[in-house]
Amino acid sequence: MNQQSESGSQNPGGQRRRWPIASGRLQRTTDNGPRTIAGAQSKIQNLKSKIAGALVFLAVALASVALMAGLKPVPASTSSAKALASDSTAIRFEDITQKAGIDFTHYTGAFGKKYLPETMGPGCAFIDYDNDGYPDILLINGKDFPGHKTRRATLKLYHNNGNGTFTDVTAKAGLDIEIYGMGVAVGDYDNDGWDDIYITGLGEAHLFHNEHNGTFKDVTRTAGVNNTGFGASAAWVDYDKDGKLDLFVTNYVKWSEKDDLYCTLDGRHKSYCTPEAYKGDTPRLFHNLGNGRFEDVTQKAGIYDPTSKSLGVAVIDYDMDGWPDLAVSNDTERNKLYHNNHNGTFTEQAVQAGIAFSEDGVARGAMGIDEDDFDQAGYPSLAIGNFSNQMLGLYHNEGNRFFIDIAPSSSVGRASLLSLSFGLFFFDYDLDGLEDMFVANGHIEPDIGRIQPQVTYAQLPLLFHNEGQDKFQEVGKQLGFTRRWVARGAAYADIDNDGAPDILITNNGGPAYLFHNVGGSRNNAIRIRTAGTRSNRDGIGALVRVTSGGSTNWQTVHSGSSYCSQSELTLTFGLGKATQADSVEITWPSGQRDTLHNLKANATYTIEEGGTIVSAKPFRR
Ligand SMILES: [Ca+2]
Ligand SMILES: [Ca+2]
Ligand SMILES: [Ca+2]
Ligand SMILES: [Ca+2]
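Residue numbers for the sequence shown, in the working numbering: 59 to 679.
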């Protein structure tokens, strides 16, 4: 297909992402549709990437005028408030950041030059690095640019004390190092039972091996997993099912200080350029050879694609053939969907599958991404966070290797139109058995409000309650998310073992926040931590089906998803008022299938491959 070269040539210079997108037609676009529309847009906006600053300014100004003329106010919500069950309104998310002892502010390294990388970080992670059953917190940080040393800024590791407080153990863990960091992925790549850390960044990446004694060792060089691009999200995935976790790393654009470009919103001051100004870069795939070494198989596996401007990755077995596929969100380039051919190679299928573009045929500014079978259709669907004036993509999996974006016809589309969405994940915060969705938002340009009055730099997060039958209601403000942030990373974990998932959020150039889910634990749940034996130790890729009271829910243990962030690997299944899971069926990556019966609700079970319950830890309620 010549689509890569075509999208590459239509790419340079245009400010397409800032144009208002007509609110969607549910009509499906064909292979021709997207390219025709996108092609027409690009003709209007076709500027070469090396173009003089004055011309870039003109394009931005024209785009802005068009925006102000074209953008219509959006009704806050069209869903009826009474649809929200009374049960849910009693739930709230409480900001416990200070109380918990988390004191972190992201450092962008900005010194007035408005470098693109300053706007993109940071991610965050939950990792139970000391295996005490309580998820600990890892926060990614930036640092000074070369030649502009003003301070020492490091990532931070906070140990969960199990009593609602955390202790900064960064130095003790050997992680008080300076990295211009972006994203993080957690996985036990050497199957020793202790989770390891991969951190992406600008021009460097690091693999930290968990030494089992509260410390980490940088093994990047011997492992062969450095990534010298502008890295973003990463995911651990055993794509060849040999029992060893492999590593997928997204790269954003080709950027360096010396070829930083000048863009301006007002003709007088420099603004942050959008990614159209820069060339793309390929994501990378590293195959785990064992013995702590990896091979870069990007080319060999069919992943190589320098037109990508990828920011997010979701591991998703979208055709349910038992082999993990990879959905990659791209900023102003079409999204990618790498179908696993079962032989170590992938075939890119995003256009055929309908997730490459918006329903209007535009390659949107895509960031965060997650997969979930939110309506129990039997196949995992995809949600993708997009730029402001572009709604979320809520790609429903039709079960025939085809997705339909249902956001334009739902409250998800309307509520997210003005948001610039980064961190994004599905989780069941009220444990009613329906997976809800959290979205962390924030613009990249501090002055955006002067040019686009409806769009703000700091933005409210969105929390979508799943009402069933593909209906969602936005309840973020009601449940305690009342402050606007310049949010980037977002992750969830049950920090206090009460069964209800809590939320961690990072801000660009701002604080990290920890929100405790209060009241979600009034419903019953079971939590499953998988421990592979033939399969990778974390059980990443295991499909867990929980049947209770006649209904079945399923989730896959996964790394990656959201934006540059990693949620806990333990799965939470809301059971509503049911007091047990009638059956728990685990299909491991090895093919082994274990079924357990009558597991009592309100405990976290660690289940080993073969069906042994290694531990059952009752919730603290
Ligand atoms: Ca812990
Ligand atoms: Ca390990
Ligand atoms: Ca493998
Ligand atoms: Ca729910």
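We put the CB at the ideal spot given by N, CA and C, even for glycine. Note that the structure is a prediction, hence the values are computed from the model and not measured.
Distance between beta carbons of Gly599 and Val615, contact taken as under 8 Å: 6 Å
Residue closest to Asn582, alpha-carbon to alpha-carbon, out of Phe224, Asp254 and Phe631: Phe631
Pairwise C-alpha distance: Phe224 and Leu113: Note that Leu113 has pLDDT 38, beneath the 50 cutoff, so the model's placement of it is unreliable and the number below is only indicative. For Leu113 and Phe224, the distance between alpha carbons rounds to 51 Å.
Exposed unless 16 or more other CB atoms sit within 10 angstroms - verdict on Asp250: exposed
Simplified DSSP state of Thr177, which is helix, strand or coil: helix
Length-filtered (4 minimum) alpha helix (DSSP H) runs lying within the region 151-205: 155-158
Where the beta strand (DSSP E) containing Arg592 begins and where it ends: Arg592 -> no beta strand (DSSP E), and no H or E assigned at all.
Cβ contact (3+ pairs, closer than 8 Å) linking the region 178-189 and the region 522-534: no
Own chain partners of Ala110 with C-beta closer than 7 Å, once the 5 adjacent residues on each side are dropped: For Ala110, the predicted structure reports a pLDDT of 35, less than 50, and the residue's modelled location is therefore unreliable. A value from the coordinates is still provided. Same-chain partners within the cutoff: there are none.
Arg603 (DSSP reduced to helix, strand or coil): strand
Proximity winner among Pro438, Ile374 and Ala421, relative to His454 (alpha-carbon distances): Pro438
Same chain only: Cβ atoms within 6 Å of Ile502, ignoring 5 sequence neighbours per side: Thr177 and Tyr330
Limits of the alpha helix (DSSP H) - the one that Thr280 falls within: Thr278 to Ala281
The region 601-617 / the region 426-444 touching (three or more Cβ pairs under 8 Å): yes
Helix, strand or coil at Val544 [DSSP, three-state]: coil
Ordered list of beta strand (DSSP E) runs contained in the region 306-350, each at least 3 residues: 342-348
Three-state class that DSSP yields for Gln410 in the structure shown: helix
DSSP bridge partner residues for Ala292 (one or two, in chain order): Val307
Gly632 in three-state terms, based on DSSP: strand
Closest residue to His267 among Gly287, Val244 and Phe288 (Cα-Cα distance): Val244
Three-pair Cβ contact test at 8 Å for the region 488-507 versus the region 537-547: yes
Per-residue DSSP class, three states only, for Ala465: helix
Cβ pair Ile149, Asp488 closer than 8 Å: yes
heavy atom of ligand 2 below 7 Å from Asp186 C-beta: no
Buried or exposed (CB count within 10 angstroms, at least 16 for buried), Gly451: buried
DSSP state of Val373 mapped onto helix, strand, coil: strand
Extent of the continuous beta strand (DSSP E) run through Arg651: Arg651 to Lys658
Residue from Thr212, Ala385, Ile462 and Gly607 whose Cα sits closest to the Cα of Leu395: Ala385
Cβ-heavy atom distance, Asp324 to ligand 1, below 7 Å: no
Alpha-carbon to alpha-carbon, Thr390 and His327: 24 Å
Residue from Asp226, Gly526, Gly668 and Asn388 whose Cα sits closest to the Cα of Ala158: Asp226
First and last residue of the uninterrupted alpha helix (DSSP H) at Ile506: Ile506 to Ile509
Whether Tyr31 touches Phe485 by CB criterion (8 Å): Only positions 59 to 679 of the chain appear in this structure, which leaves residue 31 out of reach.
Cβ-based burial, Gly348 [other Cβ within 10 Å; buried from 16]: exposed
Length of the line joining the Cα atoms of Glu690 and Phe461: An answer regarding residue 690 cannot be provided, because it is not within the stretch 59 to 679 covered by the chain.
Helix, strand or coil at Asp585 according to DSSP, with G and I counted as helix: For the sequence presented, residue 585 should be read as Arg rather than Asp. Three-state result, Arg585: strand.
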